[in-house]
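Trainee: Have a look at this one before I ask anything.
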Amino acid sequence: MSRPPLNMTTSLDYFSCLEMSGSASSSDSWTPRRELQLPTELLHKIILWVISDSVHAICVSPEDTTWEKNVMNTFHAISPVFKAIANEVAIKAFDIPKSVRQDDDSLLATMRDIFLYLNRLGMRLRHPSEWGSVSFQTIDCSASSFVFAYALYLSCISLRRNASRSPRDVFESTHKVILSALTQSEALCDRVFPAEVTDVLRDSIQEEYDLARHGLVIVQAFNNLHDYATSMLVLQPTEEEDGSGPVTAVRSLIHGSLCRVEAVHEAYSSVLSKKAVRDEPRIYQLPGVLPALRKVYGLTFVEDEYDLQRRLQKIVDKWSDGCPFLNKNADVTRLPCEGCTHTH
């Protein structure tokens with residue numbers, strides 16, 4: 001069954017009406033109309049989806065998530081059926097201790113604590129500048145696999161964003177850690193039941209995995225392009241004396257690295273387009289990418305069997321939309337040097 005997009009507030013208002021609508025047997029009681037009652041299986045899926053979406057919003061949304069943090073209270077208020085199903089999903093997904101399962105107040109308090117913890121973890125994404133000054137509770141060693149999976153996922157997002165401002169070697173080593181942590185996060189999802197409650201997290205883990213893997217390829221490829229461009233600038237002036245072999249070999253190397261960039265940069269941009277632009281590093285903001293692009297784009301290829309000039313121009317045009325130093329009419333000699341704000 002495919003998952004429809006949910007507007008959680010309006011959806012619950014609607015289903016609450018379905019649950020409570022019908023002809024009244026007396027002035028102060030309601031009898032649900034049979035034709036408006038939802039099948040239990042469908043109601044279970046809807047509640048599961050709402051809880052899943054609420055948890056994710058609590059973790060990553062920059063908007064007010066008061067409604068999401070109170071989602072369990074909302075379900076309890078709608079009807080006994082909603083309450084029972086919501087309790088069943090939450091108890092299993094968050095592995096709620098037996099000591100609190102039978103008491104509604106204890107269960108709701110435990111869920112509030114879990115949501116508060118996840119919301120605080122997400123604080124580093126919403127307010128990274130305040131991360132060092134915020135006090136956080138320590139995760140309980142008995143916390144569920146679902147909570148641990150989100151904790152790893154959120155840490156990976158924070159690490160990836162911060163790594164974009166780091167030197168290349170730090171970026172690369174950090175991304176290898178990120179890829180390993182995301183694999184662990186996904187493995188934790190396998191231990192959560194019902195499995196569908198992890199669907200949003202699994203999709204998000206895959207997006208993060210793509211960003212980390214593609215970002216690593218892009219940074220490594222542009223580092224190579226920078227070196228190859230340097231070699232080309234040395235070899236081209238002596239090509240008549242030394243022969244065309246070395247220059248031809250370097251063109252082949254540039255072609256190979258450019259192929260690696262072309263293979264992933266569309267996918268990287270596609271994933272980024274789903275995220276808040278102001279929080280995410282663009283491709284040209286990754287370590288070493290912009291100065292390497294400036295250097296290799298400034299080369300002149302007398303022989304261009306790999307169509308390098310056109311392909312490099314295509315990348316410049318593609319990335320020019322958001323970069324003040326890349327536009328169709330830009331003089332590449334006036335692109336900024338890495339680590340400084342002036343032009344040359």
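For the sequence shown, UniProt numbering assigns the number 1 to the initial residue and increments by one for each residue that follows. By construction, the Cβ of each residue, glycine as well, lies at the ideal position given by its N, Cα and C atoms.
Span of the alpha helix (DSSP H) holding R101?
Mentor: K98 to R101
Trainee: Distance check for V261 and R112, CA to CA, integer angstroms please.
Mentor: Between R112 and V261, the C-alpha separation is close to 45 Å.
Trainee: Distance check for P39 and K83, CA to CA, integer angstroms please.
Mentor: 16 Å
Trainee: Verify whether the separation of the beta carbon atoms of R165 and E280 is less than 9 Å.
Mentor: no
Trainee: Is DSSP giving N70 helix, strand or coil here?
Mentor: In the three-state DSSP reduction, N70 falls in the coil class, being neither helix nor strand.
Trainee: Considering just the uninterrupted stretch of the alpha helix (DSSP H) at I315, what are its terminal residues?
Mentor: L308 to W319
Trainee: Where do the ends of the alpha helix (DSSP H) carrying T230 lie?
Mentor: D199 to L235
Trainee: Taking the CB atoms as reference points, tell me whether residue 348 and L43 lie closer together than 9 Å.
Mentor: This structure leaves residue 348 out entirely; the chain is present only between 1 and 344.
Trainee: Tell me which same chain residues have a C-beta within less than 8 Å of the C-beta of L182, skipping the five on either side of it?
Mentor: L152, Y153, C156, I205, E208, Y209 and A212
Trainee: Does the count of Cβ pairs from the segment 285–295 and the segment 215–230 closer than 8 Å reach three?
Mentor: Counting Cβ pairs under 8 Å, three or more are found: they touch.
Trainee: Quick one: give me the first and last residue of the alpha helix (DSSP H) that F286 is part of.
Mentor: Inspection of the sequence shows that residue 286 is occupied by Leu rather than by Phe. In the DSSP assignment, L286 falls outside any alpha helix (DSSP H), carrying neither H nor E.
Trainee: Restricting to Cα atoms, I'd like to know which of E196, G288 and H214 is closest to L179.
Mentor: H214
Trainee: Please state whether DSSP places A90 in a helix, a strand or coil.
Mentor: A90 falls in the helix class under three-state DSSP.
Trainee: Buried or exposed for T238, please, with buried defined as at least 16 other CB atoms from any protein chain shown within 10 angstroms of its CB.
Mentor: T238 should be labelled exposed.
Trainee: Excluding five sequence neighbours on each side, which residues of the same chain lie with their C-beta closer than 7 Å to the C-beta of Q236?
Mentor: V247
Trainee: Which residues in the same chain have their Cβ closer than 6 Å to the Cβ of V55, if we skip the five residues on either side of it in sequence?
Mentor: Result list for V55: empty, nothing under 6 Å.
Trainee: Starting from the Cα of M123, find the closest Cα among E41, V50, D64 and D304 and give me that residue.
Mentor: With distances taken between Cα atoms, M123 lies closest to D64.
Trainee: Using alpha carbons as the reference points, say which of G245, K98, S270 and A77 lies closest to E303.
Mentor: If you compare the alpha carbons of G245, K98, S270 and A77 with that of E303, the shortest gap goes to G245.
Trainee: Under 9 Å between the Cβ atoms of F197 and I46?
Mentor: First, the amino acid is wrong: residue 197 is Val here, not Phe. No, these two residues do not count as a Cβ contact at 9 Å.
Trainee: Output needed for L159: all residues of its chain with C-beta closer than 6 Å, excluding positions within five of it in sequence on either side, in chain order.
Mentor: T174 and I178
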